[in-house]
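Below is one structure, written out as structure tokens; comments come after it.
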Amino acid sequence: MTTSAPVWDCPFDHTEGLEFDPLLKRLLTEERIARIRLPHGEGEAWLATRYEDVRVVTTDRRFSRAAGIGRDLPRMTPAPIAQAEAINLMDPPAHHRLRRLVAKGFTNRQVEQLRPRTQRTVDAYLDAMEEHGAPADLVHHLSGRLPMTTICELLDIPGEDRAELRGHAVAMMAMGPGSGDGQLRAKAALRAYFTELTAARRRDPGDDLISALATARDEGELLDDQELAVMAMVLLVTGHDTSTYQIGNIVYTLLTHPEQLAGLRARPEELPRAIEELLRFIPFRQGVGIARVATEDVELGGVSIRAGDAVHVSYLAANRDPAVFERPDELDLDRGSATHMTFGYGTHHCAGAHLARMELQVAIGTLLRRFPGLRLAVPPAELDWRTGSIWRYPRTLPVAW
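In our numbering, the protein residues as written are 79 to 479.
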């Protein structure tokens, strides 16, 4: 077993459209378990990039997120994104308790009940885009609006509050010089807002997800006030991020892969499978997420990881592992059913994955059906891509039809 390793300096700041980060590709190819240094936090961390190693780290209880609470672990952003009370920093059994409570208010059946409403919302947004005429910015007309509308309706957040909350959510994901203070202010503002809102729903519950969480019991036990406030905050932020950025990314990817798009148009019933491949293929974020901490000495991929070491995983790299995906760097909408890790894996697999899938199916399917001549209105090289964030996406996406 290896007990020492060279340290890779990993800014993970590659922002060339949606090109896969060359540094991440090198790590996947050359260093199965790499020792890395990230832009923020103290010390170094291990990084697992291969699918099987990522699977182990995300399912083996010897790798703990809760053990990192209070430590300045290596990370991408100036300030840690997660709150100490958040479900995404919990280990079992505490995590399972909150997850069961969330599941009671956030079932697949409830998401499917949202599909007709989501369809009406998409239809209205695309009506407005068609009335505006080409060229039109798809981010303004669709991707920047739909996911936030959907999660806010699920949480019953007043319309007049949504733009400000969206601004805070974006600020929380900022990277780079000078972004740390804004991150902290945004996090504090969101926490204060949801502390007040969840207290009101607990006093006077309605027919919404926050109220369902406020009244749901697990073996007679309710979420406490802080757990409920932080859970609602996490649901807002994570409930719109992936879909917001992936609608634009998926449309861009399809419009720049015309043969794949033509095949999908010829077989629209294949859309759900095609979206899974697009989710696997598109590197929609920068670098890595929340670190885990080894609670005892562990061998991983031939490397000896010591108790107390920080360990990161890369779902992006795992999605390109040639041991799992044949021709991993190619977009193949006819690809088989190998499971991608875009929504995470194991204990912290995204609870809202089914909501994101439903939104993407409705948005992309309706867009392609209504606009058979859809195309980019500017050359790909002229698009303005978001920088200074953990997310990768076009700020605007001008389209014509």
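Ideal placement from N, C-alpha and C gives every residue a C-beta, glycine not left out. A quick note: this is a predicted structure, and the numbers were derived from the prediction, not measured.
- Residue range 388 to 391 is occupied by the beta strand (DSSP E) that includes H390.
- Excluding sequence positions up to five before and after Y129, its CB lies within less than 6 angstroms of the CB of A396, D399, V402, all in the same chain and listed in chain order.
- Boundaries of the alpha helix (DSSP H) harbouring V134: 129 to 137, taken from the DSSP string.
- Taken through DSSP and simplified to helix, strand or coil, H246 comes out as helix.
- Looking at the DSSP output, L378 shares a beta bridge with V381.
- If the five residues before and after R358 are omitted, its C-beta is found closer than 6 angstroms to the C-beta atoms of N397, H418, all from its own chain and listed in chain order.
- Excluding its 5 nearest sequence neighbours in each direction, V308 has C-beta neighbours in its own chain below 6 angstroms: Q161, E163, A164, listed in chain order.
- With respect to V189, A247 sits apart: the two C-beta atoms are not nearer than 8 angstroms.
- Cβ contact annotation for P84 (same chain, cutoff 7 angstroms, sequence separation greater than five): R113, in chain order.
- Looking from the CA of P458, the closest CA among D91, C88, E97, F90 belongs to E97.
- One Cα belongs to A145, the other to L220, and the distance between them is close to 40 angstroms.
- Straight across, the Cα-Cα distance linking V376 with H173 is about 22 angstroms.
- The C-beta distance from T465 to L409 rounds to 24 angstroms, too long to meet the 8 angstroms contact threshold.
- For G119 and P213, the gap between their C-alpha atoms comes out near 44 angstroms.
- Under the Cβ criterion (8 angstroms, minimum of three pairs), the stretch 219 to 238 counts as touching the stretch 316 to 328.
- Taking the Cα of I368 as reference, the smallest distance to any Cα among E208, R198, T228, I468 is reached at I468.
- DSSP, reduced to helix, strand and coil, places E299 within a strand of the structure shown.
- The shortest CA-to-CA distance from A416 to any of R370, E437, E355, L378 is the one to E355.
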